[in-house]
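Visitor: Protein chains in written order, with the working numbering: chain G, 1 to 292; chain F, 1 to 292. We treat Cβ as the ideally placed atom computed from N, Cα and C, and that holds for glycine. It should be emphasised that the depicted structure is a prediction, and the values quoted were computed from it without experimental measurement.
2 protein chains.
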Amino acid sequence: MAGDLRSLARAATAIENQTAAGRELSATLFPNTGRAVIIGITGAPGAGKSTLVDQMIAMMRTAGKSVGVIAVDPSSPFTRGAILGDRIRMQRHHADAGVFVRSMATRGKLGGLARGTLEMALLLDAAGRDYVIVETVGVGQDEVDIARLADVTVVVLVPNMGDEVQAIKAGIMEIADVFAINKADLPGAERLEQELRAMQSIAPVCRVVSTDGTGVGDLIQVIRDVYESHGPRSRSVESWSLRLTEMLRDQLLESLPAQAIEQHAERVAEKMEDPYSALAALVCLVKEKVIE
Amino acid sequence: MAGDLRSLARAATAIENQTAAGRELSATLFPNTGRAVIIGITGAPGAGKSTLVDQMIAMMRTAGKSVGVIAVDPSSPFTRGAILGDRIRMQRHHADAGVFVRSMATRGKLGGLARGTLEMALLLDAAGRDYVIVETVGVGQDEVDIARLADVTVVVLVPNMGDEVQAIKAGIMEIADVFAINKADLPGAERLEQELRAMQSIAPVCRVVSTDGTGVGDLIQVIRDVYESHGPRSRSVESWSLRLTEMLRDQLLESLPAQAIEQHAERVAEKMEDPYSALAALVCLVKEKVIE
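#1: With a cut-off of 8 angstroms on the beta carbons, I'd call F/V192 and F/I181 a contact; round off their distance for me.
#2: Closer than 9 angstroms, CB to CB, is G/H264 near chain F or not?
#3: For the 8 angstroms Cβ check, are there 3 or more pairs between the stretch 238-252 of chain F and the stretch 217-227 of chain G?
#4: Assuming contact is defined by CB atoms lying nearer than 9 angstroms, are G/L124 and G/R148 in contact in what I supplied?
#5: Smallest Cα separation from G/I70: which of G/A63, G/G64, G/M173 and G/D54?
#6: Apart from the five residues just before and just after G/M293, which ones in its own chain have a Cβ nearer than 7 angstroms to its Cβ?
#7: Restricting to Cα atoms, I'd like to know which of G/D4, G/S66, G/H230 and G/D96 is closest to G/D130.
#8: Looking only at DSSP bridge pairs, what is F/G40 linked to?
#9: Based on Cα-Cα distance, which residue from G/R197, G/G188 and G/E190 lies nearest to G/T176?
#10: Could you tell me the alpha carbon to alpha carbon distance between F/T117 and F/A47, rounded to whole angstroms?
#11: Do F/V154 and F/A184 have their beta-carbon atoms positioned less than 9 angstroms apart in this structure?
#12: Identify which residue in F/L256, F/A280 and F/S239 has its Cα closest to the Cα of F/A114.
#13: Cβ of G/D274 less than 9 angstroms from any chain F Cβ?
#14: Rounded to whole angstroms, what's the CA-CA distance from F/I39 to F/D218? Just pull it up for me.
#15: With a threshold of 9 angstroms between beta-carbons, can G/V286 be considered close to chain F, or not?
#16: Using the three-state DSSP reduction, which class does F/V178 fall into: helix, strand or coil?
#17: Contact defined as beta carbons within less than 8 angstroms: I believe G/I15 pairs with G/M120. What is the distance between those atoms, to the nearest angstrom?
#18: Looking at G/R267 and G/A260, is the spacing between their C-beta atoms short of 9 angstroms?
#19: What are the boundary residues of the beta strand (DSSP E) that F/A71 is part of?
#20: Where does F/H264 land, buried or exposed, given buried means 16+ other C-beta within 10 angstroms?
#21: Say whether chain F places a C-beta atom closer than 9 angstroms to the C-beta of G/L123.
#22: Once DSSP output is grouped into helix, strand and coil, what is the label at G/S103?
#23: Kindly indicate the opening and closing residues of the alpha helix (DSSP H) around G/V205.
#24: Between G/R233 and G/P31, what straight-line distance do the alpha-carbon atoms span, to the nearest angstrom?
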């Protein structure tokens, strides 16, 4: 909470590894959360999300704000560290204590990524970061769930990329609070903006060129405006209902032995067992584990 | 199993109401399942799914096949019965014992619809139906889960409806085994077909005009071809793993008192409780219920 980066890094590791100490820390820190603006940045691979995040960091720092970044996108340069087993921060911000970057490269078979990301966001919030940016690639239900935990969700699109292909990705368009058209200096930007407006979404549309920073200041202002009008959605009862439901599901299913579901599925597929008996057996297994 | 419609209707009600007798019946009937071809029909509201299903039924009956229909789509005329509290079958097939229609109009807050639909499909399979058609509207995760339980999933699209709007619906495009372009006599059909092919999906594209039956025979043949090449996917180990996971989640969460999650969410949002303590309390509640 004093802002020490090494302590923060150690805390992040404890939380990511879901150790008992990590959970205790999360619980202890919880009362100190509630000040950060959590921004979700999502979109298809190749939309330039990381470059945009990089520019946003630079502008937030210029304004004297501290930033925490959680990179869940496996295609992001931010996650390279995690993939190499060596946590790195972007070169550009490496010497800046006001920027803390954490990548989340692992995901459990039965979920858990959304939960881990939430705990990390709460840690960075408690550590006094003004902004917490969560970067995800918008391709699956996990990613949609993660984007939902933000106060403001920005969907990044680029012109001429095949709007259908971008839109198809798991209903991510529906959760946009703000659309950012990146590479807005390309010819198709106008058409893309018209298409987005034709969707009759109330989400504002911003044009940016993340390689040179054009429009990024305006985007941050729009994000702030949306935050002011919505309030801290990430801390609403509705949001917590959703999260607690997910956490509970994960917790209950994680307690199962790894192969239990598949073994029963094999038996059911071979008609050696009916699905209701399999379900009863699995409930018993959860019960045993929950009691332990 | 002798094909008596009244018995079938009673069995369907017992299963839908999730009575103990219904579950016992499901378990007893399970060994008799495995012969029906389960076809999922999904798409945006207004795509003409119900009219298409109606034409498919007529052609299947002409070919001497028996049909069961499960209508999950709340906008379908098939579900009107359920909404009115009075189960009706489509007028056209009313006198035909070879057609059994069941609508599923209710859904639990924490899921359960996918599971109920599965049990209904297994009942119709055990009752000797050659085809079981499951009609859903492709707008949410529930619907995607339901479509996934089919052997062959048909996504119905119409020209000029705003492809983005159709595609946005919760990643439903990704689960298509077959695309049906309905109202294919409209001008934009060619363009829609090109767009679908440009997605590089391997799913075949069929053009139909469901109001007069054009192309519906071909569509059924394509569905059969896909079924022959995939095999009965609904009965695979992978499919059962997915279903057992969902059934287990539903079962565990259903055991919670209705307001439990929301009450804890309120306490967490007000910072009277941290999320990890709330989670532990909820796990305890599940444990108590599971033991009962």
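Guide: For this structure:
#1: One point to set straight first is that residue 192 of chain F is Leu, not Val, in the sequence displayed. Going by Cβ atoms, the distance from F/L192 to F/I181 rounds to 6 angstroms, so yes, they are a contact pair.
#2: yes
#3: no
#4: For G/L124 and G/R148, no; Cβs fall outside 9 angstroms.
#5: G/D54
#6: With chain G running from 1 to 292 in the structure shown, residue 293 of chain G is simply not present.
#7: G/S66
#8: F/V134 and F/T153
#9: What sits at residue 176 of chain G in the sequence shown is Ala, not Thr. Checking every option, the nearest Cα to that of G/A176 belongs to G/R197.
#10: Looking at the two C-alpha atoms, the distance is approximately 22 angstroms.
#11: no
#12: Checking every option, the nearest Cα to that of F/A114 belongs to F/S239.
#13: yes
#14: 15 angstroms
#15: Yes, contact with chain F.
#16: In the three-state reduction of the DSSP assignment, F/V178 falls in the strand class.
#17: 6 angstroms
#18: Result no, Cβ atoms of G/A260 and G/R267 do not sit closer than 9 angstroms.
#19: V67 to A71
#20: When all chains shown are included, F/H264 counts as buried.
#21: By this cut-off, G/L123 is not an interface position.
#22: strand
#23: For G/V205, there is no enclosing alpha helix (DSSP H); the enclosing beta strand (DSSP E) covers residues V205 to R207.
#24: 17 angstroms
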